[in-house]
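The next block holds one structure in the form of structure tokens; read it before the comments.
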Amino acid sequence: MINHEWPLFEVFVRAKRGLNHVHVGSLRAADHEMALHHARDLYTRRNEGVSIWVVRSDQVASSSAEDKQAFFEPSGDKVYRHPTYYTIPGSVPHI
Amino acid sequence: MSTFEETIARDQRVEPGDEMPEAYRKTMIRQIAQHAHSEIIGMQPEGEWITRAPSLRRKAILLAKVQDEAGHGLYLYSAAETLGADRGDLTRRLIEGRQKYSSIFNYPTLSFADVGVIGWLVDGAAICNQVPLCRSSFGPYARAMIRICKEESFHQRQGYELLMTMMGGTPAQRDMVQDAVNRWWWPSLMMFGPPDDASPNSAQSMAWKIKRHSNDELRQRFVDMSVPQAEALGVTLPDPELAWNAGREHYDFGTPDWDELKRVISGDGPCNAERIARRRQADDDGAWVREAAQAFAAKRVPAP
């Protein structure tokens, strides 16, 4: 049997100039062109966007939830990367 | 304590890749699918009036509203797919009667006043139900609800404005509004589900923070909101027991016909068969379009 299910696409919308594209959801479409048209009709019916990206969901690589700890741990003990790690006398201005 | 339990206890959101109990996943898929189906089936009762709208303005508004319902259904199917559900499969379950949708859409829309009353009462009840769901524990569902709630506000206001216009018209038009209110009031109260002591899944849904308020709590909130709106409109809500209770600081109201709700949910409402037949027909009629679009896409981009 032929599978007539259209592939899934993730949709990203730039709400206005100066902002990043943000993930808003997903939709089904036969190809990228149709995905863009559907995304416009589905996610920007009220001027919510000035630009849209679509990407096939099966093309998105994601960090896995199971490895979350090991994956993000390396930054955990590097407190010296934050400005608040350094003590500066209150009398020093603009720093 | 598992990571899932910790997330719930800290009132954080559960996200798709997270570990979660199988029962939570199943409950979420069932609830989101049922909600999505309701939006899609919900296009039908009002959609029937698009070609018969009394003016171009009302027609454009109704068209936009019904298009929103389609959009809401799609936001929700999108959320269900993050849990591993498959959109096509969910539609098949709906058509085969293996998944449900809101009982309210099994009532007929007999006059154009029904379009107004659906906006005011049915969408009003939906808003009462949905606003707390914006804080539901499953992230994609909560985010879909935020979008939906923003758009529902237009739905309710256009309905109320339509009714105000009709109430300023002829006696016959005012009668149409009152008749529609008489028919939709009780089914709207039933939208909140069975009373708390007869709602077996509620406790678990509250514990998992999928639900934030009980059915009876939300029903009371809806009644309290609707009474002054009915007064402002000049219609009578068809409940002789409706009265302000100064002690409780809430309106007392009568008991909906729970047997009717059971009958409508189990498939024996006025329009159940018609709604499903229509959905099945739309799916069948669209099959060649889906196949053609897929064949065209395959032709343009040869498979690697």
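Those protein sequence lines, which keep their order, are chains A and B.
Sequential numbering from 297 applies to the first sequence in my numbering.
Sequential numbering from 3 applies to the second sequence in my numbering.
Idealized CB from N, CA, C, for every residue including glycine.
Residue i versus residue j: straight-line alpha-carbon distance, rounded
i	j	result
residue 97 of chain B	residue 374 of chain A	55 Å
residue 131 of chain B	residue 192 of chain B	12 Å
residue 122 of chain B	residue 157 of chain B	8 Å
residue 395 of chain A	residue 303 of chain A	Any property of residue 395 of chain A remains undetermined from this structure, which presents chain A solely from 297 to 391.
residue 305 of chain A	residue 200 of chain B	41 Å
residue 380 of chain A	residue 25 of chain B	44 Å
residue 391 of chain A	residue 366 of chain A	34 Å
residue 346 of chain A	residue 317 of chain A	10 Å
residue 88 of chain B	residue 82 of chain B	8 Å
residue 6 of chain B	residue 360 of chain A	15 Å
residue 43 of chain B	residue 64 of chain B	15 Å
residue 4 of chain B	residue 212 of chain B	18 Å
residue 85 of chain B	residue 31 of chain B	7 Å
residue 299 of chain B	residue 244 of chain B	59 Å
residue 230 of chain B	residue 176 of chain B	18 Å
residue 169 of chain B	residue 352 of chain A	51 Å
residue 203 of chain B	residue 378 of chain A	47 Å
residue 179 of chain B	residue 167 of chain B	10 Å
residue 10 of chain B	residue 196 of chain B	26 Å
residue 35 of chain B	residue 101 of chain B	8 Å
residue 198 of chain B	residue 255 of chain B	16 Å
residue 339 of chain A	residue 383 of chain A	47 Å
residue 296 of chain B	residue 112 of chain B	40 Å
residue 210 of chain B	residue 232 of chain B	36 Å
residue 238 of chain B	residue 57 of chain B	27 Å
residue 80 of chain B	residue 260 of chain B	33 Å
residue 395 of chain A	residue 92 of chain B	Lying before the first or after the last residue shown, residue 395 of chain A is absent from chain A, which here runs from 297 to 391.
residue 258 of chain B	residue 188 of chain B	6 Å
residue 298 of chain A	residue 355 of chain A	Residue confidence is low: residue 298 of chain A scores 44 on pLDDT, short of 50, so the model does not pin down where it sits. No coordinate-derived value is stated.
residue 281 of chain B	residue 126 of chain B	25 Å
residue 292 of chain B	residue 173 of chain B	49 Å
residue 357 of chain A	residue 135 of chain B	30 Å
residue 20 of chain B	residue 389 of chain A	46 Å
residue 341 of chain A	residue 269 of chain B	34 Å
residue 76 of chain B	residue 164 of chain B	27 Å
residue 228 of chain B	residue 242 of chain B	15 Å
residue 14 of chain B	residue 22 of chain B	13 Å
residue 219 of chain B	residue 372 of chain A	44 Å
residue 144 of chain B	residue 62 of chain B	29 Å
residue 60 of chain B	residue 235 of chain B	19 Å
Extent of the continuous alpha helix (DSSP H) run through residue i
i	result
residue 333 of chain A	328–339
residue 246 of chain B	Segment 245–247 is the beta strand (DSSP E) holding residue 246 of chain B; no alpha helix (DSSP H) there.
residue 74 of chain B	58–83
residue 363 of chain B	Coverage of chain B is limited to positions 3 through 306, which leaves residue 363 of chain B absent and any answer about it impossible.
residue 92 of chain B	89–97
residue 321 of chain A	Residue 321 of chain A -> not in any alpha helix (DSSP H); beta strand (DSSP E) instead, spanning 317–324.
residue 145 of chain B	141–169
residue 310 of chain A	Note, residue 310 of chain A: premise wrong, no alpha helix (DSSP H); beta strand (DSSP E) at 304–310.
residue 114 of chain B	114–119
residue 181 of chain B	173–192
residue 204 of chain B	204–209
residue 10 of chain B	5–11
residue 130 of chain B	125–132
Distance between beta carbons of residue j and residue i, contact taken as under 8 Å
i	j	result
residue 128 of chain B	residue 154 of chain B	6 Å
residue 186 of chain B	residue 278 of chain B	Rounded, the Cβ-Cβ distance is 21 Å, inconsistent with contact.
residue 107 of chain B	residue 46 of chain B	7 Å
residue 133 of chain B	residue 48 of chain B	At roughly 22 Å, the Cβ-Cβ gap does not stay under 8 Å, so residue 133 of chain B and residue 48 of chain B are not in contact.
residue 344 of chain A	residue 307 of chain A	Actually they are not in contact, since the Cβ atoms of residue 344 of chain A and residue 307 of chain A sit about 11 Å apart, beyond 8 Å.
residue 16 of chain B	residue 139 of chain B	5 Å
residue 50 of chain B	residue 74 of chain B	About 19 Å separates the two Cβ atoms, so there is no contact after all.
residue 104 of chain B	residue 263 of chain B	Between residue 263 of chain B and residue 104 of chain B the Cβ distance is about 11 Å, and since that is not below 8 Å, they are no contact.
residue 331 of chain A	residue 323 of chain A	7 Å
residue 271 of chain B	residue 109 of chain B	7 Å
The beta strand (DSSP E) enclosing residue i, as first and last residue numbers
i	result
residue 371 of chain A	Looking at the DSSP string, residue 371 of chain A is not in any beta strand (DSSP E), and its letter there is neither H nor E.
residue 350 of chain A	347–352
Closer than 9 Å to chain E by CB, residue i
i	result
residue 23 of chain B	Considering every chain present, this structure includes no chain E. Its protein chains are A and B.
Problem set entry | Segments assigned beta strand (DSSP E), at least 3 residues, entirely inside the stretch 223–293 of chain B | Taking only runs of at least 3 residues, the beta strand (DSSP E) segments lying wholly in the stretch 223–293 of chain B are 245–247 and 252–254.
For this session: With 8 Å as the C-beta to C-beta threshold (strictly closer), list the residues of the stretch 287–301 of chain B near chain A in chain order.
Result: 289, 292, 293, 295, 296, 298 and 299
Exercise. At a Cβ cut of 7 Å, what residues of the stretch 325–357 of chain A count as close to chain B, listed as they run along the chain?
Worked result: Under the 7 Å Cβ criterion, the stretch 325–357 of chain A contributes 326, 327, 330, 338 and 341.
Exercise. Taking any Cβ of chain A, which residues in the stretch 60–79 of chain B have a Cβ under 9 Å from it, in chain order?
Worked result: 66, 69, 70, 72, 73, 76, 77 and 79
Exercise. Can you list, in chain order, the residues of the stretch 12–36 of chain B whose Cβ is nearer than 9 Å to any Cβ on chain A?
Worked result: If you check each beta-carbon in the stretch 12–36 of chain B against every beta-carbon of chain A, the ones closer than 9 Å belong to 17, 18, 19, 20 and 21.
For this session: Please name the residues in the stretch 302–326 of chain A whose beta-carbon is closer than 7 Å to at least one beta-carbon of chain B, in chain order.
Result: 302, 304, 321, 322, 323, 324 and 326
Exercise. Taking a cut of 7 Å between CB atoms, which residues from the stretch 361–390 of chain A lie near chain B?
Worked result: 361
Problem set entry | Proximal residues, the stretch 170–191 of chain B versus chain A, C-beta separation under 7 Å | none
Exercise. Given a limit of 8 Å on CB to CB distance, which residues of the stretch 86–100 of chain B reach chain A?
Worked result: 88, 89 and 90
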